[in-house]
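Asker: Encoded as structure tokens, here's the structure I'll be asking about.
Number of protein chains: 2
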Amino acid sequence: MATRILNAVASDVRFPTSRTLAGSDAMNRDPDYSAAYVILETDDPGGLSGHGLTFTTGRGTELCVEAVRLLANHVVGLTMEDIAADMAGFWRGLVGDSQLRWLGPEKGVVHLATAALVNAVWDLYARLERKPLWKLLVDMSSQQLVDCVDFRYIEDALKPAEAVAMLESQLPSRAEREVEMRRDGFPAYTTSAGWLGYSDARIKQLAEEAIGEGFTHLKLKVGFDAENDLRRARALRDALGPNGALMLDANQVWGVEEAISYMRPLAEVDPWWIEEPTSPDDVLGHRRIRDAIRPIKVATGEHVQNRIVFKQLLQAEAIDFCQIDSCRLGGVNEVIAVLLLASKFGVPVCPHAGGVGLCEYVRHLSIFDYIAVSASLENRVCEFVDHLHEHFVDPAVVAGGRYVCPTLPGYSAEMKRDSLSTYSFPGGPAWA
Amino acid sequence: MATRILNAVASDVRFPTSRTLAGSDAMNRDPDYSAAYVILETDDPGGLSGHGLTFTTGRGTELCVEAVRLLANHVVGLTMEDIAADMAGFWRGLVGDSQLRWLGPEKGVVHLATAALVNAVWDLYARLERKPLWKLLVDMSSQQLVDCVDFRYIEDALKPAEAVAMLESQLPSRAEREVEMRRDGFPAYTTSAGWLGYSDARIKQLAEEAIGEGFTHLKLKVGFDAENDLRRARALRDALGPNGALMLDANQVWGVEEAISYMRPLAEVDPWWIEEPTSPDDVLGHRRIRDAIRPIKVATGEHVQNRIVFKQLLQAEAIDFCQIDSCRLGGVNEVIAVLLLASKFGVPVCPHAGGVGLCEYVRHLSIFDYIAVSASLENRVCEFVDHLHEHFVDPAVVAGGRYVCPTLPGYSAEMKRDSLSTYSFPGGPAWA
Chain A
2 MATRILNAVA
12 SDVRFPTSRT
22 LAGSDAMNRD
32 PDYSAAYVIL
42 ETDDPGGLSG
52 HGLTFTTGRG
62 TELCVEAVRL
72 LANHVVGLTM
82 EDIAADMAGF
92 WRGLVGDSQL
102 RWLGPEKGVV
112 HLATAALVNA
122 VWDLYARLER
132 KPLWKLLVDM
142 SSQQLVDCVD
152 FRYIEDALKP
162 AEAVAMLESQ
172 LPSRAEREVE
182 MRRDGFPAYT
192 TSAGWLGYSD
202 ARIKQLAEEA
212 IGEGFTHLKL
222 KVGFDAENDL
232 RRARALRDAL
242 GPNGALMLDA
252 NQVWGVEEAI
262 SYMRPLAEVD
272 PWWIEEPTSP
282 DDVLGHRRIR
292 DAIRPIKVAT
302 GEHVQNRIVF
312 KQLLQAEAID
322 FCQIDSCRLG
332 GVNEVIAVLL
342 LASKFGVPVC
352 PHAGGVGLCE
362 YVRHLSIFDY
372 IAVSASLENR
382 VCEFVDHLHE
392 HFVDPAVVAG
402 GRYVCPTLPG
412 YSAEMKRDSL
422 STYSFPGGPA
432 WA
Chain B
2 MATRILNAVA
12 SDVRFPTSRT
22 LAGSDAMNRD
32 PDYSAAYVIL
42 ETDDPGGLSG
52 HGLTFTTGRG
62 TELCVEAVRL
72 LANHVVGLTM
82 EDIAADMAGF
92 WRGLVGDSQL
102 RWLGPEKGVV
112 HLATAALVNA
122 VWDLYARLER
132 KPLWKLLVDM
142 SSQQLVDCVD
152 FRYIEDALKP
162 AEAVAMLESQ
172 LPSRAEREVE
182 MRRDGFPAYT
192 TSAGWLGYSD
202 ARIKQLAEEA
212 IGEGFTHLKL
222 KVGFDAENDL
232 RRARALRDAL
242 GPNGALMLDA
252 NQVWGVEEAI
262 SYMRPLAEVD
272 PWWIEEPTSP
282 DDVLGHRRIR
292 DAIRPIKVAT
302 GEHVQNRIVF
312 KQLLQAEAID
322 FCQIDSCRLG
332 GVNEVIAVLL
342 LASKFGVPVC
352 PHAGGVGLCE
362 YVRHLSIFDY
372 IAVSASLENR
382 VCEFVDHLHE
392 HFVDPAVVAG
402 GRYVCPTLPG
412 YSAEMKRDSL
422 STYSFPGGPA
432 WA
């Protein structure tokens with residue numbers, strides 16, 4: 002029997018993280034990690050519902066919550082079977098809403114809200130199929146996966162038939178990689194040591210802890226003060242030794258020429274990548290920076306608004322690493338689009354995570370990417386930040402520097418009931 | 002004495018235009034022209050206030066209204082003198098809000114709300130100086146104008162000193178062009194005849210009326226059905242004769258390759274430009290289309306989110322016409338940035354207008370552009386749509402196919418009190 006979506010309940014959940022400076026960087030000085038959270042209630046006799054979220058940083062979460070409510074009519078009343086039968090059409094209906102589209106299109110608040118709803122739909126879908134999301138995707142045929150993607154605006158770079166052929170070529174070895182992922186998990190890196198607001202001593206201590214836990218890739222926030230950055234980067238390099246990978250993250254503080262000159266002294270610490278050296282909108286700027294700072298590589302994506310900008314970053318050979326965000330892209334459908342594009346252009350995907358719920362999401366995406374799309378672990382690491390996982394029913398687990406393969410049905414963003422009420426904004430006790 | 006901003010009152014105003022299909026195109030089937038409207042109340046003894054708006058198309062206007070409220074703390078409490086003393090810093094404070102920035106940055110709902118607030122500030126500034134906005138700008142020194150611009154992310158294309166030099170070179174002849182604008186006004190074109198929902202007979206009748214009123218440039222909405230488009234375009238070309246300029250507007254319905262093949266048969270009607278042939282985010286796609294369809298020119302901008310994307314459209318030589326939107330760019334400050342960039346790259350600016358309030362705004366911008374920045378009328382026409390002007394205290398007037406130069410103090414977006422209450426959403430009588 003078909004499962005019908007009866008209601009979309011959206012709520013505003015905020016964690017007062019700005020009180021500790023966890024999450025602080027050159028552009029985001031005082032984030033309160035937050036989510037616009039949505040529950041899709043259904044007529045499933047077992048009471049199954051779909052849970053999804055989009056990540057925000059405090060003020061303005063209410064805008065995403067309200068946008069979810071405005072978009073909900075594209076979801077409520079449908080059955081999961083209706084949606085699954087035409088995933089790309091369903092998705093285009095959401096992003097093409099004839100009045101809300103003006104407010105984007107496919108970017109900003111409305112697109113973040115789209116992500117929350119689409120992620121909730123996929124959570125519901127995976128629960129109904131009793132599979133973790135990555136396994137739901139891995140079990141789809143190449144054609145079914147491609148049918149999830151809206152090719153509008155990307156067909157000049159990748160045609161559906163070409164995408165099917167790419168997936169087919171990896172199909173024979175999918176099962177092997179699935180065994181590997183279940184056994185070993187997916188490589189992670191950590192940003193927990195490198196927040197801008199942390200003292201040198203705290204950075205060093207956290208770095209040593211992380212290395213002790215098996216991490217070989219550590220990331221440092223830079224861009225606020227050149228001298229200070231170099232000192233902190235040296236401390237981290239010392240802790241890592243010459244073989245570990247040190248990544249730097251400027252969170253968009255620089256202009257193009259500024260990025261190039263700022264990176265010159267930092268070359269001393271042999272950074273693997275510089276992340277977000279400038280505006281996420283500046284495709285040509287990223288290309289120019291990439292050309293100028295080789296062999297340091299360029300990564301970006303947590304603020305890249307949609308598949309169209311990723312398409313251009315790839316076409317222009319502007320990035321070495323594609324950092325999809327599971328909640329800024331319009332949910333799983335658009336993530337699949339970008340994974341396919343990145344694979345075609347041979348650029349590794351290293352998802353952005355942290356915040357709240359992002360680590361829960363991205364492990365599914367990286368594992369799916371490896372098993373079905375890229376079939377490679379070379380130069381691939383998935384971000385991990387050890388914050389706020391205690392609020393989730395199926396929290397992200399990292400062991401020995403790798404994301405453990407999730408096994409519970411769904412897309413893992415379900416928050417505990419207690420957390421939802423305690424951190425409800427503005428009424429919850431955490432905000433009293 | 003300094004004038005202090007005491008309060009920002011935001012409201013949701015919607016006109017039920019979808020009932021007549023005025024404003025219909027291939028992507029926007031049923032717009033209800035709307036505005037997030039803001040009044041900056043001050044302690045001015047004469048009771049002066051600043052009025053600003055951002056244009057929307059119905060659902061979701063409430064998101065912009067709420068975003069204005071969230072941003073208001075960057076404006077309320079300041080004096081107009083504080084703001085005028087550091088215009089670029091004031092603007093960067095708004096777009097750099099440490100938590101709201103996550104929801105963009107500089108795009109979507111929050112940037113539209115930024116535009117409403119910034120436009121209201123400029124309205125207040127011009128009223129205090131007892132000048133129409135264009136004249137306030139024209140009377141500024143080159144350095145003052147450049148000091149209004151946040152050069153973050155555009156300095157690789159245009160340096161402040163270079164912008165000052167550009168403006169200085171036009172300075173000796175500013176006064177002449179001011180006389181000309183006051184006498185003749187600025188050339189306009191009209192889209193009133195060419196909406197997608199209109200019948201052929203209605204298009205022909207409206208085109209003949211427009212030509213009778215002195216228009217030489219007419220625009221037609223295309224992209225829904227190739228055969229139908231060609232028939233309607235021929236009718237418009239017949240009405241215009243061989244010397245009139247016929248513009249086509251696809252409102253983003255095509256992919257890159259689709260745009261190229263769709264434009265082939267339409268070349269028959271000798272279009273001057275094709276507007277929004279694909280996604281506004283696709284800089285490289287616009288370049289490819291432009292290369293493929295010469296001598297037909299490419300125009301875009303009403304959905305271009307900020308100066309960073311315009312910078313790239315210019316750097317990549319992707320457009321022939323730069324169609325700034327006065328409410329999608331972050332208000333007057335960012336408009337000045339794009340006018341300077343376009344001038345440097347030698348691309349004419351032909352602002353997008355229509356909707357509600359946009360015509361009231363853009364005449365100021367085009368007149369300022371001509372007098373102080375571009376100093377040229379070649380290939381420059383400013384959009385005009387004859388809708389909803391009756392709701393404004395200082396409505397746009399077009400005579401003989403030209404925008405009449407406005408003379409009242411301010412930036413002209415003040416709506417009549419009656420209109421504000423009648424069309425207030427959802428409580429106003431128009432929505433009862």
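Protein chains in written order, with the numbering used here: chain A, 2 to 433; chain B, 2 to 433. For glycine and all other residues, C-beta sits at the position ideal for the given N, C-alpha and C.
(1) Could you name the residues of the same chain whose beta carbon sits closer than 7 Å to that of A/Ala354, not counting the 5 residues immediately before and after it, in chain order?
(2) Quick one: complete beta strand (DSSP E) runs, 3+ long, within the region 250-290 of chain A?
(3) May I ask you to list the residues that DSSP assigns as paired with B/Lys222?
(4) Would you tell me roughly how many angstroms separate the C-alpha atoms of B/Asp370 and A/Asp140, rounded to the nearest one?
(5) Using CA coordinates, which residue listed in B/His75, B/Gln253 and B/Glu259 is at the minimum distance from B/Gln100?
(6) Quick check on this structure: which residue in B/Ala234, B/Trp135 and B/Ala3 has the alpha carbon closest to the alpha carbon of B/Gly78?
(7) Decide yes or no for the touch test of the region 147-158 of chain B against the region 278-292 of chain A: beta carbon pairs closer than 8 Å, at least 3 of them.
(8) Do you know how far the Cα of B/Ala36 is from the Cα of B/Asp13?
(9) Note down, in chain order, every chain B residue with its Cβ under 8 Å from the Cβ of A/Arg232.
(10) So that I know if they touch, is there some Cβ in chain B lying closer than 9 Å to that of A/Tyr154?
(11) For B/His304, collect the residues of the same chain with a Cβ closer than 6 Å to its Cβ; drop the 5 residues on either side in sequence, then sort them by chain order.
(12) Does the beta carbon of B/Asn307 come closer than 9 Å to any beta carbon on chain A?
(13) Restricting to runs no shorter than 3 residues, where is the beta strand (DSSP E) found entirely within the region 339-411 of chain A?
(14) Just to confirm, are B/Ala431 and B/Thr423 a CB contact at a threshold of 9 Å?
(15) By how many angstroms is the C-alpha of A/Ala114 removed from the C-alpha of A/Arg70?
(16) Taking a Cβ distance cut-off of 8 Å, strictly less, list which residues of the region 384-403 of chain A are near chain B, in chain order.
(17) Can you look up B/Arg203 in the DSSP assignment and give me helix, strand or coil?
(18) According to the Cβ coordinates, are A/Gly215 and A/Arg381 closer than 9 Å?
(19) Please list the residues of the region 95-111 of chain B that have a C-beta atom closer than 9 Å to any C-beta atom in chain A, keeping them in chain order.
(20) Is there a Cβ of chain B sitting closer than 9 Å to that of A/His304, yes or no?
(21) For the beta strand (DSSP E) that B/Phe56 lies in, which residues bound it at each end?
(22) At what residues does the beta strand (DSSP E) containing A/Leu79 begin and finish?
(23) Are the C-beta of B/Leu159 and some C-beta of chain A separated by less than 9 Å?
(24) Measure the CB-CB distance between A/Cys328 and A/Ile368 and report whether it falls below 9 Å.
(25) Between B/Val1 and chain A, is there a C-beta pair that is closer than 9 Å?
(26) Look at A/Ala9 and A/Ile40 and say whether their C-beta atoms are less than 9 Å apart.
(27) Just to confirm, is the Cβ distance from B/Gly242 to B/Gly401 under 9 Å?
(28) With a cut-off of 9 Å, does the C-beta of A/Arg289 fall near any C-beta of chain B?
(29) Touch check for the region 310-317 of chain A and the region 123-143 of chain A: three-plus C-beta pairs under 8 Å?
(30) Considering only residues of the same chain and omitting the five flanking positions on each side of A/Asp148, which have a CB-CB separation below 7 Å?
(31) Check each residue of the region 11-34 of chain B: if its Cβ is closer than 8 Å to any Cβ of chain A, include it; give the result in chain order.
(32) Which residues of chain B have a Cβ atom closer than 7 Å to the Cβ of A/Val310, listed in chain order?
(33) Which of helix, strand or coil does DSSP assign to B/Ser327?
(34) Find the residues of chain B that neighbour A/Glu163, judging by a C-beta separation of less than 9 Å, and give them in chain order.
(35) For a contact defined as C-beta to C-beta under 7 Å, what are the partners of A/Lys316 on chain B?
(36) Mind checking who B/Arg238 pairs with in its DSSP beta bridge?
Answerer: On the basis of the data shown:
(1) Only Cys360, Val363, Cys383, Glu384, Phe385 and Val386 meet the Cβ criterion.
(2) Runs found: 274-276.
(3) Partner(s): B/Asp250.
(4) Those two C-alpha atoms are separated by around 58 Å.
(5) For the set B/His75, B/Gln253 and B/Glu259, the Cα lying nearest the Cα of B/Gln100 is the one of B/His75.
(6) Of the candidates B/Ala234, B/Trp135 and B/Ala3, the one whose C-alpha sits nearest the C-alpha of B/Gly78 is B/Ala3.
(7) Verdict: yes, contact present.
(8) In a straight line, the C-alpha of B/Asp13 is about 6 Å away from that of B/Ala36.
(9) Listed along the chain, the chain B residues whose CB falls inside 8 Å of the CB of A/Arg232 amount to none; the nearest CB is some 25 Å away.
(10) Yes, A/Tyr154 counts as interfacial toward chain B.
(11) Correct list, in chain order: Pro281.
(12) B/Asn307 belongs to the set of residues whose beta carbon lies under 9 Å from a beta carbon in chain A.
(13) Qualifying beta strand (DSSP E) stretches, in chain order: 383-385.
(14) Yes, Cβ-Cβ distance for B/Ala431 and B/Thr423 is below 9 Å.
(15) A straight-line Cα-Cα distance of about 9 Å links A/Arg70 and A/Ala114.
(16) Along the region 384-403 of chain A, there is no position whose C-beta sits under 8 Å from a C-beta of chain B.
(17) Reduced to three states, the DSSP call for B/Arg203 is helix.
(18) Taking 9 Å as the Cβ cut-off, A/Gly215 and A/Arg381 do not qualify as a contacting pair.
(19) For chain A, the residues of the region 95-111 of chain B that bring a beta carbon within less than 9 Å of one of its beta carbons are Gly97, Asp98, Ser99, Gln100, Leu101, Arg102, Trp103, Leu104, Gly105, Pro106, Glu107, Lys108, Gly109, Val110 and Val111, in chain order.
(20) With its beta carbon less than 9 Å from one in chain B, A/His304 belongs to the interface.
(21) Taken as a continuous stretch (DSSP letters only), the beta strand (DSSP E) holding B/Phe56 covers Ser50 to Thr57.
(22) For A/Leu79, no beta strand (DSSP E) run applies, since DSSP gives it neither H nor E.
(23) Chain A contact via Cβ: absent.
(24) In this structure, the beta-carbon distance from A/Cys328 to A/Ile368 does not fall below 9 Å.
(25) Residue numbering for chain B in the displayed model covers 2 to 433; residue 1 of chain B lies beyond these limits and cannot be assessed.
(26) In contact: A/Ala9 and A/Ile40 (Cβ atoms closer than 9 Å).
(27) Cβ distance not < 9 Å, so B/Gly242 and B/Gly401 don't count as in contact.
(28) Yes, its Cβ sits closer than 9 Å to a Cβ of chain B.
(29) The region 310-317 of chain A vs the region 123-143 of chain A: no contact.
(30) Around A/Asp148, the same chain offers Met88 and Ala89 as residues with beta carbons nearer than 7 Å, after the five sequence neighbours per side are excluded.
(31) Answer in chain order: Met28, Asn29, Arg30, Asp31, Pro32 and Asp33.
(32) Under the 7 Å cutoff, chain B gives Asp282.
(33) Residue state, collapsed to three classes: coil.
(34) Result: empty, since nearest Cβ-Cβ is about 13 Å, beyond 9 Å.
(35) The amino acid occupying residue 316 of chain A in the given sequence is Gln; Lys does not appear at that position. Residues of chain B passing the Cβ test: Leu285.
(36) Its beta-bridge partners do not exist; DSSP assigns none.
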